[in-house]
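> Before anything else, here's the structure in question.
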Amino acid sequence: MTALHDGGSDSTPQVLPEPPSVVAEPRRRARDLVPHSLARPLRELTLVLVLFGLYKVGRALITGQEAVARQHADTVHRIEHTVGLPSEAAIQAWVHSETLFRLLNTYYTGVHFPLMVVFLAWGFLRRPAAEYRWARNLLVLQTGAALVIHMVFPLAPPRMFPQWGFVDTMTRYGPSPYDGASADVANQFAAMPSLHVGWAVVIAYVVVRTGPRRLAAVAVAHALLTTFIVIVTANHWWLDAAAGVLLLVLADACLRRARLTPFGRGPSRHPATRVPSGSSIAH
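The sequence shown lines up with residues 72 to 354 when you count with the numbering used here.
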């Protein structure tokens, strides 16, 4: 400590505090960084769990609309026939293997949600923060809009119409997400839009723009395979798949308009530098 006098004989010495220790300051910073490093992953995990929870609950609450959903299916079926889309029933009829149907059903029921968890974890841990927030916000906008459509436009899937030549491959061959405990939270009349296709296309779009080429090829293959599976298993109409893709296009346009994208005008597969953290839809 240093004592200072103002020059008077009877003045009281003033004691100034010592400057902070050079060693103590880094230690305090290290202690501050520990909770901060945990706050972001916990915040993101909570956000994602809440959003998925609301989505599941919202789908489960849409009950008692079978008659309306079947009427909407008749409308969709007629529209597809009018515009000349390939018959889903004819495509399904090409597959005659029970083993293949089981494999396709397993992929449909077992890959969709776990792969999205892996995708979000990859984005959070391996990609720049701005890219992760952009991908997460795409997913939030797309899924939220899909839930609204599910509520206002319940739609029965093709597999519920054997009179049109469809086979319910999940009931006949298994496995099915509509049996057992999962049946309590599943909504079988939420065919429009197809989030199986929508989520697969989100993954492909994000990885193509930001990921390595080999991983991008896998993501695109997953999106194409998922589209084929939802059609051949009669879980969705062509228009359901198209609506899932359209929601992604609209979500991306909204983020571009709000300037909540980490990219410029051109594609950015391998950014040279990390983009500074900016605003996001949800923090």
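From the three backbone atoms N, C-alpha and C, an ideal C-beta is built for every residue, glycine too.
Just so we're clear, the structure is a prediction, and the values are computed from it rather than from any experiment.
Ala261 bridges to which residues according to DSSP?
Ala261 pairs with Leu226.
> State the DSSP-derived secondary structure class of Tyr249, mapped to helix, strand or coil.
Three-state DSSP puts Tyr249 in coil, outside helix and strand.
> Report yes if the C-beta distance between Gly315 and Ser247 is below 8 Å; otherwise report no.
For Gly315 and Ser247, no; Cβs fall outside 8 Å.
> Note down the Cα distance separating Val278 from Arg111, rounded to an integer number of angstroms.
Between Val278 and Arg111, the C-alpha separation is close to 22 Å.
> Within 10 angstroms of the Cβ of Gln163, are there 16 or more other Cβ atoms? Answer buried if so, exposed if not.
Counting Cβ neighbours within 10 Å, Gln163 comes out buried, since at least 16 surround it.
> Which word fits Ile150, buried or exposed, when buried means at least 16 other C-beta atoms lie within 10 angstroms of its C-beta?
Exposed, since its Cβ has fewer than 16 Cβ neighbours within 10 Å.
> Given a threshold of 16 other Cβ atoms within 10 Å of its Cβ, counted over all protein chains shown, does Val93 qualify as buried or as exposed?
A caution first: Val93 carries a pLDDT of 47, below 50, which makes its placement in the model unreliable, though a value can still be read off. By the neighbour-count rule (16 or more Cβ atoms within 10 Å), Val93 is not buried but exposed.
> So, using beta-carbon positions, are Leu310 and Met263 closer together than 8 Å?
Cβ atoms of Leu310 and Met263: closer than 8 Å.
> I'd like the span of the alpha helix (DSSP H) that includes Thr332, first residue to last.
Element bounds for Thr332: n/a, residue is neither H nor E.
> Is there a Cβ from chain C that is less than 8 Å from the Cβ of Asp239?
Absent from the structure is chain C; it holds one protein chain and no more.
> Unbroken alpha helix (DSSP H) runs of length 4 or more, entirely within the segment 148-215: which are they?
Runs found: 159-164, 169-181 and 183-197.
> Drop a sphere of 10 angstroms on the beta-carbon of Gly124, count the other beta-carbons inside from all chains shown, and report buried for 16 or more, exposed for fewer.
Its Cβ having fewer than 16 others within 10 Å, Gly124 is exposed.
> Along the chain, where does the alpha helix (DSSP H) containing His307 start, and where does it finish?
From DSSP, His307 is part of no alpha helix (DSSP H); its letter is neither H nor E.
> Please report the distance separating the alpha-carbon of Tyr249 from that of Met231.
Approximately 13 Å, taken between the alpha carbons.
> Please classify Gln234: is it buried, with 16 or more other beta-carbons within 10 angstroms of its beta-carbon, or exposed?
Exposed, by the Cβ-count rule.
> Using only CA atoms, which one of Tyr203, Pro228, Ala206 and Glu202 lies nearest to Val303?
The shortest C-alpha separation from Val303 is found at Pro228.
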